[in-house]
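Trainee: Numbering (UniProt numbering), first residue to last: 1 to 350.
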(Lines of atoms letter the chains of each structure in order from A and count residues from 1; the text may use other names and numbers.)
(Lines give C-alpha, C1' and ligand atoms only; values in the text may rest on other atoms or scores of the structure.)
Protein backbone atom coordinates (compact mmCIF):
# COMPACT_ATOMS: atom_id res chain seq x y z
CA UNK A 1 0.00 0.00 0.00
CA UNK A 2 1.14 3.54 -0.81
CA UNK A 3 2.29 5.43 2.30
CA UNK A 4 1.58 9.06 3.09
CA UNK A 5 4.26 11.64 2.30
CA UNK A 6 4.64 12.15 6.04
CA UNK A 7 5.27 8.44 6.68
CA UNK A 8 7.77 8.36 3.80
CA UNK A 9 9.47 11.40 5.36
CA UNK A 10 9.21 13.10 2.00
CA UNK A 11 10.37 16.69 1.63
CA UNK A 12 6.90 17.47 0.28
CA UNK A 13 5.31 16.48 3.60
CA UNK A 14 6.55 19.89 4.77
CA UNK A 15 4.17 22.72 3.89
CA UNK A 16 7.01 25.25 3.61
CA UNK A 17 8.68 23.10 0.93
CA UNK A 18 5.44 22.97 -1.08
CA UNK A 19 5.05 26.75 -0.81
CA UNK A 20 8.68 27.17 -1.87
CA UNK A 21 8.00 25.22 -5.07
CA UNK A 22 4.80 27.19 -5.74
CA UNK A 23 6.56 30.53 -5.20
CA UNK A 24 9.77 29.94 -7.15
CA UNK A 25 10.64 28.61 -10.62
CA UNK A 26 8.27 29.74 -13.37
CA UNK A 27 6.52 32.16 -11.00
CA UNK A 28 9.64 33.80 -9.54
CA UNK A 29 11.14 34.23 -13.03
CA UNK A 30 7.97 35.93 -14.26
CA UNK A 31 7.34 33.24 -16.88
CA UNK A 32 3.90 32.90 -15.31
CA UNK A 33 2.14 35.61 -13.26
CA UNK A 34 1.61 34.96 -9.56
CA UNK A 35 -2.01 34.54 -8.48
CA UNK A 36 -1.80 37.88 -6.65
CA UNK A 37 -0.72 39.64 -9.85
CA UNK A 38 -3.40 37.85 -11.90
CA UNK A 39 -6.35 38.82 -9.72
CA UNK A 40 -4.97 42.36 -9.38
CA UNK A 41 -5.31 42.71 -13.17
CA UNK A 42 -9.09 42.35 -12.78
CA UNK A 43 -9.23 44.53 -9.63
CA UNK A 44 -10.00 41.55 -7.39
CA UNK A 45 -7.04 41.89 -5.04
CA UNK A 46 -7.17 41.68 -2.13
CA UNK A 47 -9.63 38.81 -2.11
CA UNK A 48 -11.97 39.36 0.84
CA UNK A 49 -14.12 37.09 2.96
CA UNK A 50 -17.86 37.64 2.69
CA UNK A 51 -20.65 36.51 5.00
CA UNK A 52 -19.89 33.06 6.41
CA UNK A 53 -22.12 30.35 4.94
CA UNK A 54 -20.13 27.13 5.32
CA UNK A 55 -18.26 25.79 8.32
CA UNK A 56 -15.95 23.00 7.12
CA UNK A 57 -14.46 20.87 9.90
CA UNK A 58 -11.62 18.39 9.32
CA UNK A 59 -12.00 15.83 12.11
CA UNK A 60 -8.74 14.03 11.31
CA UNK A 61 -6.31 12.95 8.61
CA UNK A 62 -6.71 9.22 9.28
CA UNK A 63 -8.16 7.30 6.32
CA UNK A 64 -8.61 3.70 5.21
CA UNK A 65 -7.40 4.66 1.71
CA UNK A 66 -4.19 6.18 0.36
CA UNK A 67 -5.21 7.86 -2.90
CA UNK A 68 -2.37 9.00 -5.12
CA UNK A 69 -3.81 12.51 -5.61
CA UNK A 70 -4.86 13.26 -2.00
CA UNK A 71 -4.33 16.91 -1.06
CA UNK A 72 -4.69 16.01 2.64
CA UNK A 73 -1.95 13.35 2.42
CA UNK A 74 -4.38 11.17 4.39
CA UNK A 75 -3.95 7.47 5.16
CA UNK A 76 -4.02 4.77 7.85
CA UNK A 77 -0.64 5.99 9.11
CA UNK A 78 -1.89 9.53 9.84
CA UNK A 79 -2.76 9.79 13.53
CA UNK A 80 -3.89 13.44 13.69
CA UNK A 81 -7.42 13.27 15.06
CA UNK A 82 -9.81 15.84 16.53
CA UNK A 83 -10.45 15.40 20.26
CA UNK A 84 -13.88 15.59 21.87
CA UNK A 85 -12.75 18.79 23.63
CA UNK A 86 -12.09 20.50 20.28
CA UNK A 87 -15.34 19.08 18.92
CA UNK A 88 -17.17 20.67 21.84
CA UNK A 89 -15.57 24.03 21.00
CA UNK A 90 -16.82 23.55 17.42
CA UNK A 91 -20.31 22.71 18.70
CA UNK A 92 -20.37 25.92 20.73
CA UNK A 93 -19.70 27.82 17.50
CA UNK A 94 -22.17 25.77 15.41
CA UNK A 95 -24.97 26.69 17.80
CA UNK A 96 -24.29 30.39 17.44
CA UNK A 97 -23.05 30.82 13.88
CA UNK A 98 -24.92 32.39 10.99
CA UNK A 99 -23.52 29.69 8.69
CA UNK A 100 -26.19 27.46 7.12
CA UNK A 101 -23.94 24.52 6.12
CA UNK A 102 -21.79 22.21 8.23
CA UNK A 103 -19.29 20.16 6.23
CA UNK A 104 -17.42 17.32 7.97
CA UNK A 105 -14.35 16.03 6.20
CA UNK A 106 -11.07 14.14 6.75
CA UNK A 107 -9.31 11.71 5.94
CA UNK A 108 -12.26 9.47 6.46
CA UNK A 109 -14.25 11.44 9.06
CA UNK A 110 -16.06 8.26 10.13
CA UNK A 111 -12.78 6.90 11.55
CA UNK A 112 -12.66 9.51 14.29
CA UNK A 113 -13.72 7.62 17.47
CA UNK A 114 -16.03 10.49 18.45
CA UNK A 115 -17.52 10.92 14.96
CA UNK A 116 -20.99 9.58 15.82
CA UNK A 117 -21.20 11.57 19.02
CA UNK A 118 -20.26 14.71 17.12
CA UNK A 119 -22.83 14.08 14.38
CA UNK A 120 -25.57 13.45 16.95
CA UNK A 121 -24.74 16.64 18.84
CA UNK A 122 -24.27 18.77 15.71
CA UNK A 123 -27.56 17.53 14.23
CA UNK A 124 -29.37 19.06 17.20
CA UNK A 125 -28.11 22.50 16.20
CA UNK A 126 -30.50 22.53 13.24
CA UNK A 127 -27.98 23.35 10.52
CA UNK A 128 -29.76 23.61 7.14
CA UNK A 129 -27.32 21.41 5.19
CA UNK A 130 -25.28 18.86 7.17
CA UNK A 131 -22.63 17.30 4.93
CA UNK A 132 -20.37 14.32 5.59
CA UNK A 133 -17.69 13.67 2.95
CA UNK A 134 -17.36 9.91 2.69
CA UNK A 135 -14.96 7.91 0.56
CA UNK A 136 -17.67 5.18 0.33
CA UNK A 137 -15.26 2.28 0.96
CA UNK A 138 -15.29 3.07 4.69
CA UNK A 139 -18.88 1.77 4.75
CA UNK A 140 -17.56 -1.67 3.71
CA UNK A 141 -14.19 -1.48 5.53
CA UNK A 142 -15.27 -3.07 8.81
CA UNK A 143 -18.47 -4.39 10.41
CA UNK A 144 -18.58 -1.44 12.79
CA UNK A 145 -19.24 0.82 9.79
CA UNK A 146 -21.88 -1.34 8.06
CA UNK A 147 -24.75 0.62 9.62
CA UNK A 148 -23.49 4.02 8.45
CA UNK A 149 -26.21 4.39 5.76
CA UNK A 150 -28.89 4.02 8.45
CA UNK A 151 -26.97 6.31 10.81
CA UNK A 152 -26.70 8.99 8.12
CA UNK A 153 -30.41 8.64 7.36
CA UNK A 154 -31.38 8.98 11.03
CA UNK A 155 -29.61 12.34 11.26
CA UNK A 156 -30.55 13.52 7.76
CA UNK A 157 -26.91 13.79 6.74
CA UNK A 158 -26.14 14.97 3.21
CA UNK A 159 -23.63 12.40 1.91
CA UNK A 160 -21.00 13.65 -0.54
CA UNK A 161 -18.94 10.77 -1.86
CA UNK A 162 -15.75 10.44 -3.87
CA UNK A 163 -16.17 8.54 -7.14
CA UNK A 164 -13.31 9.02 -9.62
CA UNK A 165 -15.07 7.25 -12.50
CA UNK A 166 -17.92 4.93 -13.43
CA UNK A 167 -15.41 2.28 -14.56
CA UNK A 168 -13.39 -0.09 -12.38
CA UNK A 169 -10.09 0.52 -14.16
CA UNK A 170 -9.94 4.30 -13.79
CA UNK A 171 -11.27 4.25 -10.21
CA UNK A 172 -8.87 1.59 -8.95
CA UNK A 173 -5.93 3.24 -10.71
CA UNK A 174 -6.47 6.42 -8.70
CA UNK A 175 -7.65 4.93 -5.41
CA UNK A 176 -6.31 1.39 -5.16
CA UNK A 177 -7.37 -2.15 -6.10
CA UNK A 178 -10.86 -3.13 -5.00
CA UNK A 179 -12.01 0.44 -4.33
CA UNK A 180 -14.47 0.47 -7.23
CA UNK A 181 -16.35 -2.69 -6.18
CA UNK A 182 -16.58 -1.54 -2.55
CA UNK A 183 -17.76 1.90 -3.68
CA UNK A 184 -20.49 0.38 -5.86
CA UNK A 185 -21.65 -1.80 -2.96
CA UNK A 186 -21.74 1.21 -0.64
CA UNK A 187 -23.72 3.29 -3.16
CA UNK A 188 -26.24 0.47 -3.52
CA UNK A 189 -26.63 0.35 0.26
CA UNK A 190 -27.16 4.10 0.40
CA UNK A 191 -29.79 3.82 -2.37
CA UNK A 192 -31.47 1.00 -0.41
CA UNK A 193 -32.21 3.31 2.54
CA UNK A 194 -33.42 6.10 0.23
CA UNK A 195 -30.30 8.11 -0.54
CA UNK A 196 -30.01 9.58 -4.03
CA UNK A 197 -33.47 8.47 -5.14
CA UNK A 198 -35.71 10.78 -7.21
CA UNK A 199 -37.74 13.01 -4.90
CA UNK A 200 -35.79 11.91 -1.81
CA UNK A 201 -34.66 14.47 0.74
CA UNK A 202 -31.72 12.17 1.54
CA UNK A 203 -29.07 13.89 -0.57
CA UNK A 204 -26.38 11.79 -2.22
CA UNK A 205 -23.85 13.63 -4.39
CA UNK A 206 -20.70 12.31 -6.05
CA UNK A 207 -17.34 14.02 -6.48
CA UNK A 208 -15.18 13.53 -9.55
CA UNK A 209 -11.59 14.68 -9.90
CA UNK A 210 -9.23 13.79 -12.77
CA UNK A 211 -6.76 10.94 -12.36
CA UNK A 212 -4.00 12.69 -14.31
CA UNK A 213 -2.41 16.07 -15.02
CA UNK A 214 -5.44 17.60 -16.72
CA UNK A 215 -8.49 19.67 -15.81
CA UNK A 216 -11.99 18.22 -15.35
CA UNK A 217 -14.47 18.35 -18.23
CA UNK A 218 -17.83 20.07 -18.20
CA UNK A 219 -19.62 19.23 -14.95
CA UNK A 220 -23.14 18.99 -16.41
CA UNK A 221 -22.19 16.64 -19.26
CA UNK A 222 -20.08 14.50 -16.94
CA UNK A 223 -23.02 14.19 -14.56
CA UNK A 224 -25.17 12.84 -17.40
CA UNK A 225 -22.49 10.28 -18.31
CA UNK A 226 -22.08 9.17 -14.69
CA UNK A 227 -25.85 8.84 -14.16
CA UNK A 228 -26.35 6.87 -17.37
CA UNK A 229 -23.47 4.45 -16.73
CA UNK A 230 -24.17 3.82 -13.03
CA UNK A 231 -27.87 3.27 -13.69
CA UNK A 232 -27.36 0.93 -16.65
CA UNK A 233 -24.58 -1.12 -15.05
CA UNK A 234 -25.53 -1.11 -11.36
CA UNK A 235 -29.03 0.47 -10.98
CA UNK A 236 -27.42 3.23 -8.89
CA UNK A 237 -28.96 6.68 -8.59
CA UNK A 238 -27.58 9.91 -7.11
CA UNK A 239 -28.47 13.60 -7.17
CA UNK A 240 -25.53 15.70 -8.37
CA UNK A 241 -21.96 15.31 -9.56
CA UNK A 242 -19.32 17.82 -8.46
CA UNK A 243 -16.28 18.14 -10.72
CA UNK A 244 -13.25 19.29 -8.74
CA UNK A 245 -9.86 20.40 -10.06
CA UNK A 246 -6.84 18.77 -8.44
CA UNK A 247 -4.79 21.43 -6.68
CA UNK A 248 -0.99 21.26 -6.96
CA UNK A 249 -0.31 20.46 -3.32
CA UNK A 250 0.68 17.40 -1.23
CA UNK A 251 0.45 14.04 -3.06
CA UNK A 252 -0.84 15.54 -6.31
CA UNK A 253 2.12 17.93 -6.33
CA UNK A 254 4.36 14.93 -5.68
CA UNK A 255 2.76 13.17 -8.67
CA UNK A 256 3.20 16.22 -10.90
CA UNK A 257 6.88 16.55 -10.06
CA UNK A 258 7.59 12.79 -10.33
CA UNK A 259 5.85 12.60 -13.73
CA UNK A 260 7.54 15.83 -14.90
CA UNK A 261 4.16 17.49 -15.44
CA UNK A 262 4.37 20.27 -12.85
CA UNK A 263 5.17 23.21 -15.15
CA UNK A 264 2.77 22.03 -17.87
CA UNK A 265 -0.05 21.66 -15.32
CA UNK A 266 0.58 25.13 -13.89
CA UNK A 267 0.46 26.51 -17.44
CA UNK A 268 -2.92 24.78 -17.91
CA UNK A 269 -4.27 26.33 -14.71
CA UNK A 270 -3.05 29.84 -15.52
CA UNK A 271 -4.26 29.71 -19.14
CA UNK A 272 -7.70 28.52 -17.95
CA UNK A 273 -7.96 31.33 -15.38
CA UNK A 274 -11.50 32.69 -15.24
CA UNK A 275 -11.96 36.03 -13.43
CA UNK A 276 -15.71 35.40 -13.03
CA UNK A 277 -14.89 32.32 -10.91
CA UNK A 278 -12.89 34.44 -8.45
CA UNK A 279 -15.99 36.10 -6.98
CA UNK A 280 -17.41 32.75 -5.87
CA UNK A 281 -14.38 30.77 -4.72
CA UNK A 282 -15.17 28.82 -1.57
CA UNK A 283 -12.71 30.70 0.67
CA UNK A 284 -14.93 33.78 0.47
CA UNK A 285 -17.90 32.13 2.24
CA UNK A 286 -16.24 29.16 4.00
CA UNK A 287 -14.16 28.75 7.11
CA UNK A 288 -11.99 25.65 7.48
CA UNK A 289 -11.25 24.24 10.95
CA UNK A 290 -8.36 21.81 11.36
CA UNK A 291 -8.31 18.71 13.55
CA UNK A 292 -6.54 20.73 16.27
CA UNK A 293 -8.99 23.65 16.07
CA UNK A 294 -7.01 26.20 14.07
CA UNK A 295 -8.76 28.35 11.46
CA UNK A 296 -8.01 28.57 7.73
CA UNK A 297 -9.64 30.19 4.71
CA UNK A 298 -10.06 26.78 3.04
CA UNK A 299 -9.10 23.13 3.31
CA UNK A 300 -6.20 23.66 0.88
CA UNK A 301 -4.70 26.50 2.93
CA UNK A 302 -5.03 24.24 5.95
CA UNK A 303 -2.80 21.65 4.26
CA UNK A 304 -0.26 24.35 3.39
CA UNK A 305 -0.30 25.67 6.98
CA UNK A 306 -1.54 29.12 5.86
CA UNK A 307 -3.77 30.30 8.74
CA UNK A 308 -6.42 33.00 8.46
CA UNK A 309 -5.30 36.62 8.33
CA UNK A 310 -7.09 37.57 11.53
CA UNK A 311 -6.53 38.13 15.26
CA UNK A 312 -8.79 35.11 15.68
CA UNK A 313 -6.67 32.01 14.98
CA UNK A 314 -8.39 29.19 16.91
CA UNK A 315 -11.94 27.90 17.30
CA UNK A 316 -11.74 28.54 21.06
CA UNK A 317 -11.52 32.32 20.40
CA UNK A 318 -14.02 32.34 17.52
CA UNK A 319 -15.53 35.70 16.59
CA UNK A 320 -17.58 35.82 13.39
CA UNK A 321 -17.56 39.61 13.18
CA UNK A 322 -13.76 39.79 13.30
CA UNK A 323 -13.42 37.05 10.68
CA UNK A 324 -15.85 38.63 8.21
CA UNK A 325 -14.18 40.96 5.71
CA UNK A 326 -10.68 39.62 6.35
CA UNK A 327 -8.18 39.41 3.50
CA UNK A 328 -7.95 35.85 2.13
CA UNK A 329 -4.47 34.29 2.20
CA UNK A 330 -3.46 33.27 -1.33
CA UNK A 331 -0.69 31.52 -3.25
CA UNK A 332 -0.30 29.92 -6.68
CA UNK A 333 -2.36 26.83 -5.75
CA UNK A 334 -5.40 29.16 -5.86
CA UNK A 335 -5.29 28.96 -9.66
CA UNK A 336 -6.88 25.51 -9.24
CA UNK A 337 -10.07 27.06 -7.87
CA UNK A 338 -10.33 29.68 -10.62
CA UNK A 339 -9.58 27.62 -13.73
CA UNK A 340 -12.35 27.09 -16.28
CA UNK A 341 -15.73 26.93 -14.56
CA UNK A 342 -13.98 27.23 -11.23
CA UNK A 343 -13.78 24.60 -8.53
CA UNK A 344 -14.82 24.24 -4.91
CA UNK A 345 -15.94 21.52 -2.56
CA UNK A 346 -19.41 22.17 -4.02
CA UNK A 347 -18.16 21.76 -7.61
CA UNK A 348 -18.14 24.44 -10.33
CA UNK A 349 -18.57 28.04 -9.19
CA UNK A 350 -18.84 29.97 -12.45
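C-beta: ideal position from N, C-alpha, C; glycine also.
For residue 159, list the residues DSSP reports as bridge partners.
Mentor: DSSP, once it has assigned bridges, lists 132, 204 as partnering residue 159.
Trainee: Comparing alpha-carbon positions, which option in 183, 127, 296 lies nearest residue 65?
Mentor: The option with the nearest alpha carbon to residue 65 is 183.
Trainee: According to the neighbour-count rule (16 or more other Cβ atoms, all chains shown, within 10 Å of its Cβ), is residue 38 buried or exposed?
Mentor: Answer is buried; the Cβ neighbour count reaches 16.
Trainee: Comparing C-alpha positions only, which one of 224, 174, 221, 226 sits nearest to residue 211?
Mentor: The shortest Cα separation from residue 211 among 224, 174, 221, 226 belongs to 174.
Trainee: Apart from the five residues on each side of it in sequence, which residues of its chain come closer than 6 Å, Cβ to Cβ, to residue 13?
Mentor: Same-chain partners within the cutoff: 5, 6.
Trainee: Could you give the distance in angstroms between the alpha-carbon of residue 188 and the alpha-carbon of residue 227?
Mentor: Straight-line Cα distance between these residues: approximately 14 Å.
Trainee: With H, G and I counted as helix, E and B as strand and the rest as coil, what does DSSP make of residue 301?
Mentor: Looking at residue 301 - three-state DSSP - the assignment turns out to be helix.
Trainee: Nearest to residue 139 by CA position, among 149, 130, 75, is which residue?
Mentor: When only C-alpha atoms are compared, the closest one is 149.
Trainee: According to DSSP, which residues form a beta bridge with residue 314?
Mentor: Note: residue 314 sits in a beta bridge opposite 294.
Trainee: Counting only the same chain and skipping the five closest in sequence on each side, list residues whose C-beta sits under 8 Å from that of residue 48.
Mentor: Taken in chain order, the residues that qualify are 284, 325, 326, 327, 328.
Trainee: Please confirm whether residue 241 and residue 208 have their CB atoms less than 8 Å apart.
Mentor: Against a cut-off of 8 Å, the Cβ pair of residue 208 and residue 241 comes out as a contact.
Trainee: For residue 93, which option in 289, 331, 214, 310 has the closest C-alpha, if you only look at C-alpha atoms?
Mentor: Nearest option by C-alpha distance: 289.
Trainee: How many angstroms separate the CA atom of residue 264 from the CA atom of residue 330?
Mentor: If you take the alpha carbons of residue 264 and residue 330, they lie about 21 Å apart.
Trainee: Using CA atoms only, rank isn't needed, just tell me which of 95, 115, 249 is closest to residue 83.
Mentor: Of the candidates 95, 115, 249, the one whose C-alpha sits nearest the C-alpha of residue 83 is 115.
Trainee: Leaving out the 5 sequence neighbours to the left and right, which residues in its chain are closer than 7 Å to residue 334 when beta-carbon positions are compared?
Mentor: Taken in chain order, the residues that qualify are 35.
Trainee: Hey, out of 301, 269, 268, 267, whose CA is closest to residue 282's CA?
Mentor: The option with the nearest alpha carbon to residue 282 is 301.
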